[in-house]
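Chains as they are written, first to last, in my numbering: chain A, 470 to 776; chain B, 470 to 776.
Virtual Cβ for every residue (Gly too), placed ideally from N, Cα, C.
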């Protein structure tokens, strides 16, 4: 079980040469995902050496430009690179129309299967359920329809206790899958060996929550309980809490309170407003409420392992 | 009279960290223009220190992504920067719809006057006629509807020959504008002093032609006769002339032949395909047909003065 998050951009609003807007590349339990896709994301992917043809699922939180203007370029580039694998895009209703009109007017053909999964529910939904992971929306409160996303690894099979198994000659290799699945073993004479005797607990599944953009919402904390890694936007500092409320964003202190309420193991902050010259102020403010937090930065990698 | 062209990007197809696609910033006779606007153009404008709030007119050649995917971001950024001045966008029909649907779905309001001038003619048209410049389309032959653009300074007023004027006390300061406009001076007794005696020729108006993307077309050369500076795409080298024909692009040799036929003073080459590792090959090939040519490169400035 492992999770590796590469920050491609973490600033708010307009892109500047050293301040790329929101985009993240997530590797989780062998799946390769992109979360938000601001203008310039494909250049950032190249810059940080991401083999981005592997990306199979793209999650767009909302239709503000600093979260999706790079998507049409990425979709086109995949086509120019002769992508064959399917691509799934999850985002607010309307996103499909935006992409399709551009492809139509440029007379571009996308040769790979491109699937849109348009979102419009205000309740948390299971939107991806693969063998390896599941992804749920985390409805957020912003100026327009917005979702965060909760990514969870699927539980791994139980680990065989080979020492214990070897003491019971009745157990055949064909029984191993049942043991991995948590079943007890019943011998030919009806003897029952409990699963707990024959297996070890697998590593706990890891989880990551992406919460941007949103005003302070305790409902979010409830939806992401015990998450291993939490990205929560912190556009403002407390000194501009009124502005955060008006524009439906959060302060660093609010992000930290959500992390604390959620029982998150680690918090990472981003979506910084350009009005602040020193982003370390975000860290200082957040750490007063939640100890284990870090600032995002383009190119920074956050890895969590649980072997 | 002066013309200053800053290359923001000059490579074809997908953006890479060191190979930005088409965008140019043109200052001509006091007007500030943007020509094409690929993804990342606003970052390039910032990188090269262009005061881009001055841009009043944007010209989009065609609706392939490597020529316009950055436009929505630029338009949004102008809004975030509280632009008040009007912005005019000239491009193929459909461009307005692409921009407007994105603004609508993101619930963004553009507070400044944004005017679209949609193009659909296959004949050269005068699309901008200001006090300082005029701009005409140069219909190109590409896979989709495409225009190049010919930018020309308006003729400057004639320069007063103060030495000659001072010899004629009858000429008042009120007569100067007529002299600048090329009129003769008629004294109170009907004596005529010709304009040529009292003024000098002004500097010749400068012109710049942007021709991208296009297959080889001699009609283009006719439309841009005697241009001072010509940008002509050269996606391929002659060794791939067949590919140039199929994809409706030009080779470096073809670009040079157009420059020669047009009697251009200088040729600049761009829109290089990523298949070539050494872009100097484009220069070598072009120079066999046209001596004064140079390669484009992001950040490079081409200046022409005529004082």
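Would residue 538/A count as contacting chain B if we go by Cβ distances under 7 Å?
Chain B contact via Cβ: present.
Taking its Cβ as the centre, do 16 or more other Cβ atoms sit within 10 Å of residue 541/B, making it buried, or is it exposed?
With 16 or more other Cβ atoms within 10 Å, it is buried.
Give me the Cβ distance between residue 736/A and residue 701/A, rounded to the nearest whole Å; I'm assuming they're in contact under 8 Å.
Sure, about 6 Å apart at Cβ, within 8 Å.
Are the beta-carbon atoms of residue 496/B and residue 473/B separated by less than 7 Å?
Against a cut-off of 7 Å, the Cβ pair of residue 473/B and residue 496/B comes out as a contact.
Here's the rule: buried if 16 or more other CB atoms are within 10 angstroms of the residue's CB, otherwise exposed. What is residue 528/A?
By the 10 Å Cβ count, residue 528/A comes out buried.
What number of angstroms, rounded off, separates the C-alpha of residue 699/A from the C-alpha of residue 523/A?
In a straight line, the C-alpha of residue 699/A is about 24 Å away from that of residue 523/A.
Output needed for residue 690/A: all residues of its chain with C-beta closer than 7 Å, excluding positions within five of it in sequence on either side, in chain order.
So the qualifying residues of the chain are 727, 730 and 731.
Give a yes or no on whether the C-beta atoms belonging to residue 765/B and residue 506/B are separated by under 7 Å.
No; because the gap between Cβ atoms is not below 7 Å, this pair is not in contact.
Do residue 502/B and residue 536/B have their C-beta atoms within less than 7 Å of each other?
Their beta carbons are not under 7 Å apart, which means residue 502/B does not touch residue 536/B by this criterion.
Checking contacts by CB at 7 Å: is residue 546/B closer than that to chain A?
True, the Cβ-Cβ gap to chain A drops below 7 Å.
Taking the straight line between their C-alpha atoms, what separation do you get for residue 793/B and residue 725/B?
Examination of residue 793/B is not possible in this model, given that chain B is present from 470 through 776 alone.
At which residues does the beta strand (DSSP E) containing residue 770/A begin and terminate?
Residue 770/A -> beta strand (DSSP E) spans 770-774.
Please list the partners that residue 482/B has in chain A, where partner means a Cβ-to-Cβ separation under 7 Å.
549, listed in chain order.
Which chain A residues sit within Cβ distance under 7 Å of residue 605/B?
Near residue 605/B there are no residues of chain A at all, since even the closest Cβ is about 24 Å away, more than 7 Å.
Do you know how far the Cα of residue 490/B is from the Cα of residue 589/A?
Taking the straight line from one Cα to the other gives about 35 Å.
What residue ranges within the region 698-751 of chain B form continuous beta strand (DSSP E) runs of no fewer than 3 residues, ordered along the chain?
698-702 and 735-739, all fully within the region 698-751 of chain B.
Please work out which residues of its chain come closer than 6 Å, Cβ to Cβ, to residue 761/A, disregarding the five sequence neighbours upstream and downstream, and give them in chain order.
Same-chain partners within the cutoff: 735.
With 7 Å as the threshold, decide whether the Cβ of residue 567/A is near any Cβ in chain B.
It does: the Cβ of residue 567/A has a partner Cβ on chain B nearer than 7 Å.
Is the shortest distance between the beta-carbon of residue 613/B and the beta-carbons of chain A less than 7 Å?
Judged by the 7 Å Cβ criterion, residue 613/B is in contact with chain A.
Evaluate residue 470/B with the Cβ neighbour count: other Cβ atoms within 10 Å of its Cβ, from every protein chain shown; 16 or more gives buried, anything less gives exposed.
With 16 or more Cβ atoms within 10 Å of its Cβ, residue 470/B is classed as buried.
As a quick exercise: from 508/B, 597/B, 564/B and 641/B, pick the residue whose alpha carbon is nearest that of residue 622/B.
Ranking 508/B, 597/B, 564/B and 641/B by Cα distance to residue 622/B puts 597/B first.
Please go through the same chain and pick out, in chain order, the residues whose beta-carbon is closer than 7 Å to the beta-carbon of residue 763/A, but skip the five residues on each side of it.
Answer for residue 763/A: 737, listed in chain order.
Go ahead and label residue 616/B buried or exposed: buried means 16 or more other beta carbons lie within 10 angstroms of its beta carbon, across all protein chains shown.
Buried is the call here.
Chain B beta carbons: is any one of them nearer than 7 Å to that of residue 737/A?
Not closer than 7 Å to any Cβ of chain B, the Cβ of residue 737/A fails to qualify, so no.
Run through the DSSP bridge pairs and tell me what residue 608/A is partnered with.
Beta-bridge pairing links residue 608/A to 616/A.
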